[in-house]
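J.: Sending over a structure as structure tokens; questions will come in a sec.
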Amino acid sequence: MLRQRRSVHPIMLVPVRCFSCGKVTGDKWQVYLALLLAGNTEGDALTEIGLKRYCCRRMILTHVDLIEKLLQYNIHERKSQEA
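In numbering that gives the first Met the number 0, the protein residues as written are 0 to 82.
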């Protein structure tokens, strides 16, 4: 028996820690997106959430949220929509 999927799409995981210095960055992604939607620039948003080192800023700036593209290739979801 197949388990039922949740209706909420999963969230792509942001790297939990900075690869260079080890500072926790995973909890800052949603706040960063909210600040960008509020009209802040990338630099101002990163400074406001407390990322001052360039290595930590890189972790947030270079993250690509691919979950929507990956869901296009979910065979089980397409089959359930066709049925």
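From the three backbone atoms N, C-alpha and C, an ideal C-beta is built for every residue, glycine too.
Report the option in Leu70, Tyr31 and Gln80 whose CA atom is closest to the CA atom of serine 50.
T.: What you label residue 50 is simply residue 51 of the sequence shown in a count that begins at 1. Per the sequence presented here, residue 50 reads as leucine, with serine not at that position. Minimum Cα distance to leucine 50 is reached at Tyr31.
J.: For threonine 24, count neighbouring C-beta atoms within 10 Å of its own C-beta (all shown protein chains included) and say buried if the count is 16 or more, exposed if not.
T.: Taking the sequence shown and counting its residues from 1, the one referred to as residue 24 is at position 25. By the neighbour-count rule (16 or more Cβ atoms within 10 Å), threonine 24 is buried.
J.: Can you name, in chain order, every residue of its own chain whose Cβ lies under 8 Å from the Cβ of tryptophan 28, other than the five neighbours on each side?
T.: Indexing the sequence shown from 1 puts residue 28 at position 29. Once the five neighbours on either side are set aside, the close Cβ partners of tryptophan 28 are Val13, Ile59 and His62.
J.: Taking alanine 37 as part of the alpha helix (DSSP H), name the residues at either end of that continuous run.
T.: Here residue 37 corresponds to residue number 38 of the sequence shown, with the count starting at 1. Taken as a continuous stretch (DSSP letters only), alanine 37 belongs to no alpha helix (DSSP H), as it is neither H nor E.
J.: Check each candidate in Asn73, Gln71, Tyr53 and Tyr72 and name the one with the smallest Cα separation from phenylalanine 18.
T.: Against the sequence shown, residue 18 aligns to sequence position 19. The option with the nearest alpha carbon to phenylalanine 18 is Tyr53.
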